[in-house]
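Peer 1:
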Amino acid sequence: MMGLLTACCGLLLEAQGTSGGDIAVVVNADVPIGNLSFDDVRRLVLGDKQYWPGNLRVTLLLRAPVARERDVVLRKVCDMNEAQFRQYWIGKVFRAETASGPKIVYSNDMALSCSKEFEGPPNRWKASRAARLPAALTGYSEMAGNMHFTVILTIIVLSALPAAAAQAGTPVTLPVEVVGENGTTSSVTVEIPTPLARQVRSLWIEIHGLSYAGMVSVEINEGNWVSLNNDTVSVAEPGKSYGGIGGGFPTLKVTLPLEEGAVVGGTNIIRFRFNRTDGLASGFRVLAFNFLTSDSIKVLKPDAFSEEDPNTWTPPFRDSASLLAGQQLWQSATLTASGLQDAPRIRAHCSDCHAYDGRDLKYFGYSNASIVARSRFHGLSTLQGQQIASYIRSLPVPSPGRPWNPPYQPGPGLDAQPVANWAAGAGLSWVLDSDTATLPFVFRPKGDLARQPDIGNAPESAIVAAITPDVFRPDGNLNPREIPISLQLPDWNHWLPRVHPLDAWGPAFENSEFSELYGSTDYASSGGPRAPRASRQSLRGILASPDLSKLISSGRIIAYFEKWTNARRALLKPYVERAPVEWSPDLANKAYSTQLWQLVKAWEITQEFGLEGRGRELFGSSGESRTWFNAIPAATAPSAVNIPDGPSGMGGSALTNEYFNASWYQLQVLLNSGNHRHRDRSPVDWLYLIGGFQDLYRESRRPEPARLLVTLIKAMQSTDPR
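Numbering-wise, the sequence shown is residues 479 to 1200 according to the working numbering.
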């Protein structure tokens, strides 16, 4: 019977294999349908349509991850990638909208063989048509009740959508960087056949650095420039809930509606323009884009794009004189505060706000163009910027990160990478679309999570059954580094201070213990390469000693970091703790930037001395495999210095202020939650942190029960050694 079934299916598909933009849908004759629209198929795959007419229940069978058929279904039918599709179904299950997700099969024959489990005559077939269906999926439905009658639905790719699918003569290289002075533009060209061009209704863009309204404009084919703001585009969740454009998230996905006829058949040119700086930004990056039909189907195929490979980058200059000049400029060039007209000169140099040797720009993959543009932003020439870029390219440090991937963003497989890659994070692809999508990664089946791409596809067996008391054991060790969340953490640009403590507080900082403990720099010097002075009293001097192993194993390293943090509190106390404090955006910016400066320098020191992988020298086998030895991330939260929500808060809003509070406390949990040796309120003030969830929800109205659950479990496990 199954042989006949397979043969019939194959013959029908072969007969329809050359049919333009349509495909054949072969179904059992007893299914009470005549035609499937694209919307019907999309609803089936997304679980929004769970019954055929006549109360026949639909059960989805999808090809396993990595299969081409599955990839086409997800991209063309669902407009999702694998992670998004998985998150979507996880959310449906946990909202009790369905009992389970799609079943996994490894071939079409395997799908057909499923009917062997049931009785009935699965040998009667009819062909239906689904116009312009770019799908590849396999599914079956079974009748409720005692008959166990099987109905097979098989949809196989016969052609792309549509027959004249959009092609790009030369793939567009992503990201598209638009960096430089006000008015800088970058353009891309794509080819779209006329039938497709007529269907385009919007432009979808993923943008890194779209931080305020009016910063970016888009033009298509010499049409009108459209300025991007929360009124002209729709912002996708979860970024929308955190303020959209002008809010907390560094990278946003936005959709710009287009007038009919804006896109033409043939060559189309899209121009992106950096309109103006706000005194902080010097450009943005388009990480991805596509034209959408009215059904939100992406028009351009994946092969219309290619990803830039940072490993192919070369320095603008290779000669030793240029490299030395770049190093000298990095460490001692006189800079202006911003690219605004008449911006004042500042005392800080590049190395003062960044890692002193510039390793952060190499590590997080900043391009030559972005380094040159930022150099010009701070008053240097193009040549000087190229010399700095050449110096950065020559540094002997790894480059696993990218500017848009938030440092330490959690996600599966992160611990399997070298500890040197930890700071690069798991990438934006593991910033979940919904909070509930975190749950399967908490209550996960046994085994290597990174090798279970279908974890969300069998929630009843793989998730619900895994909810056991063991997950909550106080002597357990939940690993938040491997559990993705929907909170996008700050990118490296948002780690960097807006104003250096020297320019904020002058001699008060220059002569402070806070400066001295870092390893003071000769701020009065204006020439020659400089590095922090590693005096015996400084943290740098201590870490550079031959006794580093003893310093770690004895726990004294924690005491030295605490001393440095206390020195920062002492510096800021006269400004932020006097009664009453008259908060202003300027005061808040100075105080918060001082916190950021310490965070950046803590990262610099931790990387330079290779501290992240040495936690078990102090904490033993109960310690985390990678950790920090301080509570500086939590001390970076605006609330740590009492910066209020509202106009004087970060971003000028309570929402953005609370976003940064939540983000830096989340980072603390990821980097150092106590290593099962938590004491008092250090390194995490769990009560304050848990109360912060309510503070963020009050502003965002976006509940986060799953991220809260991870925090609660980790709090219970922070004191009891395993």
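Note that the Cβ used here is the ideal one computed from N, Cα and C, for glycine as well. Note that the structure is predicted; figures quoted are calculated from it, not measured.
Smallest Cα separation from residue 1192: which of 1135, 712, 950, 778?
Peer 2: Per the Cα distances, 950.
Peer 1: If the criterion is Cβ atoms closer than 7 Å, does the pair residue 804 and residue 887 meet it?
Peer 2: Going by C-beta atoms, residue 804 is not nearer than 7 Å to residue 887.
Peer 1: Using the Cβ count rule (16 or more neighbours within 10 Å means buried), how would you classify residue 1102?
Peer 2: It counts as buried.
Peer 1: Give the DSSP-derived three-state secondary structure of residue 896 in the structure shown.
Peer 2: Note: residue 896 maps to coil in three-state DSSP.
Peer 1: From the DSSP output, which residues share a beta bridge with residue 667?
Peer 2: Answer by DSSP bridge pairing, in chain order: 747.
Peer 1: Leaving out five residues on either side along the sequence, give the residues of the same chain with a beta carbon under 7 Å from the beta carbon of residue 852.
Peer 2: Hits under 7 Å: 760.
Peer 1: With the cut-off set at 7 Å, would you say residue 723 and residue 691 are in Cβ contact?
Peer 2: Yes, the Cβ-Cβ distance between residue 723 and residue 691 is below 7 Å.
Peer 1: For the beta strand (DSSP E) that residue 761 lies in, which residues bound it at each end?
Peer 2: First-last of the beta strand (DSSP E) with residue 761: 761-771.
Peer 1: Residue 844 and residue 874 - do their beta-carbons sit closer together than 7 Å?
Peer 2: In this structure, residue 844 does not lie closer than 7 Å to residue 874 by Cβ.
Peer 1: If you reduce the DSSP assignment to three classes, tell me which class residue 1071 lands in.
Peer 2: Residue 1071: helix per DSSP, three-state reduction.
Peer 1: Along the chain, where does the alpha helix (DSSP H) containing residue 840 start, and where does it finish?
Peer 2: 837-841 is the extent of the alpha helix (DSSP H) around residue 840.
Peer 1: Return the Cβ separation of residue 1116 and residue 1127 in integer angstroms, given the expectation that the two are a contact with Cβ distance under 8 Å.
Peer 2: Rounded, the Cβ-Cβ distance is 6 Å, consistent with contact.
Peer 1: Output yes if chain B places a C-beta closer than 7 Å to the C-beta of residue 944; else output no.
Peer 2: Included in the structure is just one protein chain, with no chain B present.
Peer 1: Just the C-alpha distance for residue 860 and residue 1169, rounded to the nearest angstrom, thanks.
Peer 2: Residue 860 and residue 1169: Cα-Cα distance of roughly 49 Å.
Peer 1: Which same chain residues end up closer than 8 Å to residue 814 when comparing Cβ atoms and leaving out the 5 residues on each side of it in sequence?
Peer 2: Cβ neighbours of residue 814 beyond the five flanking positions: 821, 822, 823, 824, 856, 857.
Peer 1: Would a C-beta distance cut-off of 7 Å place residue 966 and residue 920 closer than the cut-off?
Peer 2: In this structure, residue 920 does not lie closer than 7 Å to residue 966 by Cβ.
Peer 1: Would you please state the rounded distance, in angstroms, between the beta carbons of residue 758 and residue 680? I believe it to be under 8 Å.
Peer 2: Incorrect: roughly 29 Å between the Cβ atoms, too far for contact.
Peer 1: Do you know offhand how far residue 1186's Cα is from residue 1172's?
Peer 2: Rounded to whole angstroms, residue 1186 to residue 1172 spans 10 Å at the Cα level.
Peer 1: Would you report the Cα separation of residue 838 and residue 675, rounded to the nearest angstrom?
Peer 2: If you take the alpha carbons of residue 838 and residue 675, they lie about 43 Å apart.
Peer 1: Sorted by chain position, which residues of the same chain lie with C-beta nearer than 6 Å to residue 1108's C-beta, five sequence neighbours on each side aside?
Peer 2: Excluding residues within five positions, the ones whose Cβ falls inside 6 Å are 1039.
Peer 1: Following the continuous alpha helix (DSSP H) through residue 1187, name the residue where it begins and the one where it ends.
Peer 2: 1183-1194 is the extent of the alpha helix (DSSP H) around residue 1187.
Peer 1: For residue 686, which residues does DSSP report across the bridge?
Peer 2: In the DSSP output, where bridge partners are listed per residue, residue 686 has 729, 763.
Peer 1: Tell me which same chain residues have a C-beta within less than 6 Å of the C-beta of residue 581, skipping the five on either side of it?
Peer 2: Answer for residue 581: 539, listed in chain order.
Peer 1: Thinking C-beta only, is residue 726 closer than 7 Å to residue 1114?
Peer 2: In this structure, residue 726 does not lie closer than 7 Å to residue 1114 by Cβ.
Peer 1: Please state the DSSP three-state secondary structure of residue 1169.
Peer 2: Residue 1169 falls in the helix class under three-state DSSP.
Peer 1: With a 10 Å radius around its C-beta and 16 neighbouring C-beta atoms as the bar for buried, classify residue 567 as buried or exposed.
Peer 2: Answer is buried; the Cβ neighbour count reaches 16.
Peer 1: As a quick exercise: from 1176, 912, 1080, 1157, pick the residue whose alpha carbon is nearest that of residue 833.
Peer 2: If we check each option's Cα against that of residue 833, 1080 comes out closest.
Peer 1: CA-CA distance, residue 1084 and residue 1106?
Peer 2: One C-alpha to the other measures close to 8 Å.
Peer 1: State the CB to CB distance for the pair residue 767 and residue 662, rounded to an integer number of angstroms; the pair is presumed to be in contact (CB under 8 Å).
Peer 2: 18 Å between Cβ atoms; not a contact.
Peer 1: What's the gap between the Cα of residue 1189 and the Cα of residue 740?
Peer 2: Using only the alpha carbons, I get a separation of about 48 Å.
Peer 1: Looking at residue 1054 and residue 1069, is the spacing between their C-beta atoms short of 7 Å?
Peer 2: Yes, these two residues count as a Cβ contact at 7 Å.
Peer 1: Check whether the Cβ atoms of residue 1182 and residue 1136 sit closer than 7 Å, and answer yes or no.
Peer 2: Result no, Cβ atoms of residue 1182 and residue 1136 do not sit closer than 7 Å.
Peer 1: Note the first and the last residue of the continuous beta strand (DSSP E) segment covering residue 784.
Peer 2: Residues 783-785.
Peer 1: With a threshold of 6 Å on Cβ separation, who are the neighbours of residue 1035 within its own chain once the five nearest residues in sequence on each side are excluded?
Peer 2: Closer than 6 Å at Cβ, skipping near neighbours: 1029, 1107.
Peer 1: With a 10 Å radius around its C-beta and 16 neighbouring C-beta atoms as the bar for buried, classify residue 565 as buried or exposed.
Peer 2: Buried, because 16 or more other Cβ atoms sit within 10 Å of the Cβ of residue 565.
Peer 1: Starting from residue 1027, trace the alpha helix (DSSP H) both ways and give me its first and last residue.
Peer 2: Looking at the DSSP string, the run of the alpha helix (DSSP H) that includes residue 1027 is 1026-1031.
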